[in-house]
Amino acid sequence: MDVKSIKSLAESPALSSVPSAYAFNINPNDEADPNDPEFAIPIVDMSLLTLGSPDQRSKIVHNLIKICQEWGFFIAINHGVPESLMKGMIDACHGFFSLPDEE
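By full-length UniProt numbering, the letter at position 15 of the sequence shown is numbered 15, and the numbering carries on one by one without gaps.
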């Protein structure tokens, strides 16, 4: 199967399985326990950056550095971004990824 993009692959009616180039096997012995805090996605309370004490702000900044180095992402809570703005961003993303490949 000639693949020009992941989008065209996903929309292909001939797709019956994940091509080997896009698949990987997980060793069942290596699977993370979802209850193990070491494997839980980090949650960062962003309000501590503006409302917390200097010690709390320092701690959260150092924690953010560590999380970004070790995980590369986190769940941000109490960030103050309005729900309407987040919905608008999600709608814009859907619109962008729905564009024809030529655009």
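Beta carbons: idealized from backbone N, C-alpha and C, even for Gly.
(request) Mind checking which residues open and close the beta strand (DSSP E) that includes VAL81? (result) It is not in any beta strand (DSSP E) - VAL81 carries neither H nor E in the DSSP assignment.
(message) In this structure, how does DSSP classify GLN41 when only helix, strand and coil are distinguished?
(response) Reading the sequence as shown, one finds Ile at residue 41 and not Gln. The three-state secondary structure of ILE41, taken from DSSP, is coil.
(message) Rounded to the nearest angstrom, what separates GLU70 and ALA76 at their Cα positions?
(response) A straight-line Cα-Cα distance of about 16 Å links GLU70 and ALA76.
(request) Helix, strand or coil for ASN35, going by three-state DSSP, please let me know. (result) ASN35: coil per DSSP, three-state reduction.
(request) Examine the Cβ distances between the stretch 57-64 and the stretch 91-98 and report whether three or more of them are shorter than 8 Å. (result) The count of Cβ pairs closer than 8 Å, one atom from the stretch 57-64 and one from the stretch 91-98, stays below three, leaving the stretches out of contact.
(message) Please tell me whether PHE74 and ILE65 are closer than 7 Å, where the distance is taken between their beta carbons.
(response) Contact flag unset, no.
(message) Less than 7 Å between the beta carbons of ASP101 and SER12, yes or no?
(response) Their beta carbons are not under 7 Å apart, which means ASP101 does not touch SER12 by this criterion.
(message) Going by beta-carbon coordinates alone, are SER53 and ASN78 separated by less than 7 Å?
(response) No. Outside cutoff.
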